[in-house]
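Just so you know, the sequence shown maps onto residues 2 to 352 in my numbering. All residues carry an ideal CB built from backbone N, CA and C; glycine is no exception. Being a predicted model, the structure only gives us computed values, none of them experimental.
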Amino acid sequence: MKTVLVTGGAGFIGSNFIRLALKVRPDWRVVVLDALTYAGNLENLEGLEAAYPGRYRFAHADVTDAGRVKALFEEESVAAVVHFAAETHVDRSILGPTAFVKTNVMGTATLLEAARGAWKDRPGRYLQVSTDEVYGSLKETGFFTEQTPLDPSSPYSASKAAADQLALSYYRTFGMDVVVTRCCNNYGPYQFPEKLIPLMITRALAGENLPVYGTGQNVRDWIHVDDHNRGVLLVLDKGRAGEVYNLGARCEKRNLDLVKELLRVAAAVKGWDPVQTEGKITFVTDRPGHDWRYAIDPSKAESELGYAPQVPFREGLESTVRWYLEHEGWWRRVQSGAYKDFVQALYGERR
Ligand code: NAD
Ligand code: DAU
Numbered sequence: 002m003k004t005v006l007v008t009g010g011a012g013f014i015g016s017n018f019i020r021l022a023l024k025v026r027p028d029w030r031v032v033v034l035d036a037l038t039y040a041g042n043l044e045n046l047e048g049l050e051a052a053y054p055g056r057y058r059f060a061h062a063d064v065t066d067a068g069r070v071k072a073l074f075e076e077e078s079v080a081a082v083v084h085f086a087a088e089t090h091v092d093r094s095i096l097g098p099t100a101f102v103k104t105n106v107m108g109t110a111t112l113l114e115a116a117r118g119a120w121k122d123r124p125g126r127y128l129q130v131s132t133d134e135v136y137g138s139l140k141e142t143g144f145f146t147e148q149t150p151l152d153p154s155s156p157y158s159a160s161k162a163a164a165d166q167l168a169l170s171y172y173r174t175f176g177m178d179v180v181v182t183r184c185c186n187n188y189g190p191y192q193f194p195e196k197l198i199p200l201m202i203t204r205a206l207a208g209e210n211l212p213v214y215g216t217g218q219n220v221r222d223w224i225h226v227d228d229h230n231r232g233v234l235l236v237l238d239k240g241r242a243g244e245v246y247n248l249g250a251r252c253e254k255r256n257l258d259l260v261k262e263l264l265r266v267a268a269a270v271k272g273w274d275p276v277q278t279e280g281k282i283t284f285v286t287d288r289p290g291h292d293w294r295y296a297i298d299p300s301k302a303e304s305e306l307g308y309a310p311q312v313p314f315r316e317g318l319e320s321t322v323r324w325y326l327e328h329e330g331w332w333r334r335v336q337s338g339a340y341k342d343f344v345q346a347l348y349g350e351r352r
């Protein structure tokens, strides 16, 4: 049995990763470390303990808590770390950057130190889950490759860039077995309804206005969460130590086109009038420092590791819209009092 420590496993990508990994890696024991912030939800991991007895453990801990993290490495014979835990929402990083520095930079430093201590006399691999946002913004043409210089715009992406560099420094300085993945915008089940796709679906279902920043012409590059996670598994298995791998599915969309597409899907499923549904789109004040365009070139992962995303965008979007329709209880529960305060702080004054 190989013990893999997955941080941030109660969040969107981490919980999907754990479900996938427990299924396709029968020799893995997964230990989840998660602080259960507003974005972490035990409902996302429901049933796993019973479905995989002895192969799953949840540890409620903060990744910045050096004592707890070190103790976990001592209790469990951790052979690999997949580090998802982070503060992840760009708009929240604009409202309050400090938490991003603490979790994303200090949390990564804490985890790296614990791993370095534990792996002094036995092997272990550390995978840093990062983002294309560390490269900054593209204009209308070109792609992010692993050689693109880091040029982050938001406190979120700056904190992720610092964390990436810290992780890579442990390879160069200490010879630790570190790999880094940088992926584009994910979508799929269990995504917190602050991110564009679930925000729009849940607001459309609630009959609320649909806030599009600026002109809606910014471009994002989309990937289904399972395709991201299949890439993470591949890099963990076969990636070369000290290397960065971009993960993406070559699927660029302008925000406004994406919102219209998802509204058409939702309207078809719900039997709504598509014109009336689109009428809810409201253009609001732009995000400060809003990156114009992201576009990942995943050629290195494709040619070196045989990476090949499998979920066509339209299919993934339809299944995601259906998931939110069928899991209204889930998203209504996460829209707690704190969520309402966040919506008020972010959108209240935006016209
Ligand atoms: P998320 O916000 O849905 O979940 C984050 C998880 O981390 C939550 O379970 C939360 O409780 C946990 N967490 C936060 N602070 C913590 C702390 N101090 N200690 C322990 N746990 C803590 O995030 P996500 O969208 O699933 O993103 C996961 C990772 O993937 C992040 O590192 C993010 O930067 C990266 N990423 C995300 C995307 C995307 O489109 N969402 C794309 C590329 C990379
Ligand atoms: O590219 C990967 C990144 O994608 C991840 O590293 C981040 O964790 C993740 O949050 C995501 O960042 P974005 O800022 O691209 O995602 P978000 O869903 O917040 O916004 C997507 C686009 O939609 C962006 O151009 C801003 C726009 N937008 C977003 C919101 C929340 C709107 O127009 N209106 C909105 O209300």
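Span of the alpha helix (DSSP H), counted from its first residue to its last, around residue i
i: TRP332; result: 329-335
i: TYR53; result: Segment: none, TYR53 is in no alpha helix (DSSP H) and carries neither H nor E.
i: TYR172; result: 156-175
i: VAL213; result: That residue, VAL213, is in no alpha helix (DSSP H); its beta strand (DSSP E) goes 211-214.
i: ARG204; result: 197-206
i: GLU279; result: 275-279
i: ASP122; result: Looking at the DSSP string, ASP122 is not in any alpha helix (DSSP H), and its letter there is neither H nor E.
i: GLU262; result: 256-271
i: ALA302; result: 300-306
i: ARG69; result: 67-76
i: VAL344; result: 338-348
i: VAL91; result: 91-96
The beta strand (DSSP E) enclosing residue i, as first and last residue numbers
i: VAL180; result: 178-184
i: THR4; result: 3-8
i: GLN129; result: 126-132
i: ILE224; result: 220-225
i: ILE282; result: 282-285
i: TYR191; result: First-last for TYR191: undefined, no H or E at that position.
i: VAL25; result: Counting along the chain, VAL25 falls outside any beta strand (DSSP E), though it belongs to the alpha helix (DSSP H) covering 13-25.
i: TYR246; result: 245-248
i: VAL83; result: 79-84
i: TRP293; result: Per DSSP, TRP293 belongs to no beta strand (DSSP E) and is neither H nor E.
8 angstroms contact criterion, which residue i and residue j should meet: CB distance rounded
i: VAL32; j: GLU77; result: 5 angstroms
i: VAL64; j: THR8; result: 5 angstroms
i: THR278; j: ALA268; result: 5 angstroms
i: ARG294; j: GLU141; result: 7 angstroms
i: PRO299; j: GLY249; result: 5 angstroms
i: TRP332; j: GLU44; result: Not a contact, Cβ separation roughly 11 angstroms.
i: GLU134; j: SER160; result: Going by Cβ atoms, the distance from GLU134 to SER160 rounds to 10 angstroms, so no, they are not a contact pair.
Burial state of residue i (16 or more Cβ within 10 Å)
i: GLN129; result: buried
i: PRO194; result: buried
i: PRO124; result: exposed
i: GLY304; result: It should be pointed out that residue 304 corresponds to Ser in this sequence rather than to Gly. SER304 comes out exposed.
i: GLY232; result: buried
i: ALA168; result: buried
i: LYS341; result: exposed
i: LEU326; result: exposed
i: ARG315; result: exposed
i: THR286; result: exposed
i: ASP228; result: buried
i: GLN148; result: exposed
i: MET2; result: exposed
i: ARG351; result: exposed
Under 9 angstroms between C-beta atoms of residue i and residue j
i: LEU211; j: ARG204; result: yes
i: PRO153; j: TYR136; result: yes
i: ALA81; j: GLY108; result: no
i: ALA22; j: ASN42; result: no
i: ASN187; j: ASP292; result: no
i: VAL226; j: THR182; result: no
i: LEU347; j: LEU259; result: no
i: LYS281; j: GLU329; result: no
i: GLY217; j: PHE13; result: no
i: ALA36; j: ALA62; result: yes
i: LEU113; j: ALA296; result: no
Cβ-heavy atom distance, residue i to the ligand ADP, below 8 angstroms
i: LEU237; result: This structure lacks the ligand ADP; the ligands present are the ligand NAD and the ligand DAU.
(request) Say whether the region 88-102 touches the region 54-61, bearing in mind that this needs 3 or more beta-carbon pairs closer than 8 angstroms, one atom from each stretch. (result) no
(message) Check whether the region 236-245 and the region 170-181 touch, using three or more Cβ-Cβ pairs below 8 angstroms as the test.
(response) yes
(message) Could you check whether the region 255-273 touches the region 115-128, counting it as contact only if at least three pairs of C-beta atoms, one from each stretch, sit closer than 8 angstroms?
(response) no
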